[in-house]
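When you line the sequence shown up against our numbering, it's residues 61 to 197, in that order.
Just so you know, even glycine gets a beta-carbon here, dropped at the ideal spot from N, CA and C.
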Amino acid sequence: MKIGELASKAHVNIQTVRFYERQGLLQDPGRTESGYRRYAEAHLKQLRFIRQAKALGFSLEEIREILRMKGRGQCPCSKVITLAERHLHDIEEQLRTLNSFRLELAKALEQWKASGANQVSADAFCVLIERATGGLK
61 MKIGELASKA
71 HVNIQTVRFY
81 ERQGLLQDPG
91 RTESGYRRYA
101 EAHLKQLRFI
111 RQAKALGFSL
121 EEIREILRMK
131 GRGQCPCSKV
141 ITLAERHLHD
151 IEEQLRTLNS
161 FRLELAKALE
171 QWKASGANQV
181 SADAFCVLIE
191 RATGGLK
């Protein structure tokens, strides 16, 4: 199949296909006599894998490493598990940070509402933000 058909089936754009080729994530396709790239079903599977891995938070470097291991005949499962555990930990940390920020923002909002300052000036508003954040430095 040609690059446009591959991109369409994989739900990516043509530039993404070319980028993944340049990055070594997608195997080089064969070419027709006139120089057009010819992709096989294996390329489509590989593109779908890359998209799924990205959706799970894997970086392109991590995906490249997984694909290299697979290409060498190694089972990348233990590597994938290690990476997934690290990503899960990172996500949990981000959620804790976001929840803390949400609580701070809700508290500040309640304080602003309680102050009866529905029509605050820009200067007063900035003071409210500084007070709410404890004057972050």
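Go ahead and label isoleucine 74 buried or exposed: buried means 16 or more other beta carbons lie within 10 angstroms of its beta carbon, across all protein chains shown.
-> By 1-based counting over the sequence shown, the position of residue 74 is 14. Isoleucine 74 should be labelled exposed.
Flag arginine 162 as yes when its Cβ comes closer than 7 Å to any non-hydrogen atom of the ligand FAD, and as no otherwise.
-> With respect to small molecules bound, the structure shown includes none, and the ligand FAD cannot be examined in it.
At 4 residues or longer, and completely inside the region 97-182: list those alpha helix (DSSP H) runs for me, N to C.
-> 101-115, 120-131 and 137-174
Taking contact to mean at least 3 C-beta pairs separated by less than 8 Å, is the region 142-156 in contact with the region 104-111?
-> no
Given a threshold of 16 other Cβ atoms within 10 Å of its Cβ, counted over all protein chains shown, does glutamine 171 qualify as buried or as exposed?
-> What you label residue 171 is simply residue 111 of the sequence shown in a count that begins at 1. Exposed.
Reference glutamine 106; option with closest CA among Lys139, Lys167, Thr92 and Ile126 = As a first step, residue 106 must be located in the sequence shown, where it is residue number 46. Among Lys139, Lys167, Thr92 and Ile126, the Cα nearest to that of glutamine 106 belongs to Ile126.
So what's glycine 84 in DSSP terms, helix, strand or just coil?
-> Start at 1 with the first residue of the sequence shown, and residue 84 comes out as number 24. The answer is coil: DSSP assigns glycine 84 none of H, G, I, E or B.
Please work out which residues of its chain come closer than 8 Å, Cβ to Cβ, to alanine 115, disregarding the five sequence neighbours upstream and downstream, and give them in chain order.
-> Looking up residue 115 in the sequence shown gives position 55. Cβ neighbours of alanine 115 beyond the five flanking positions: none.
Classify glycine 64 as helix, strand or coil using the three-state DSSP reduction.
-> Translated into positions along the sequence shown, residue 64 becomes position 4. Glycine 64 falls in the helix class under three-state DSSP.
CA-to-CA distance, phenylalanine 118 to leucine 158, given in whole angstroms = Taking the first residue of the sequence shown as position 1, residue 158 is located at position 98. Taking the first residue of the sequence shown as position 1, residue 118 is located at position 58. Going by the C-alpha atoms only, they are around 21 Å apart.
Determine the closest residue to glutamate 122 out of Ala102, Lys139 and His149, with distance taken between C-alpha atoms.
-> Position 62 of the sequence shown, counting from 1, holds the residue named residue 122. If we check each option's Cα against that of glutamate 122, Lys139 comes out closest.
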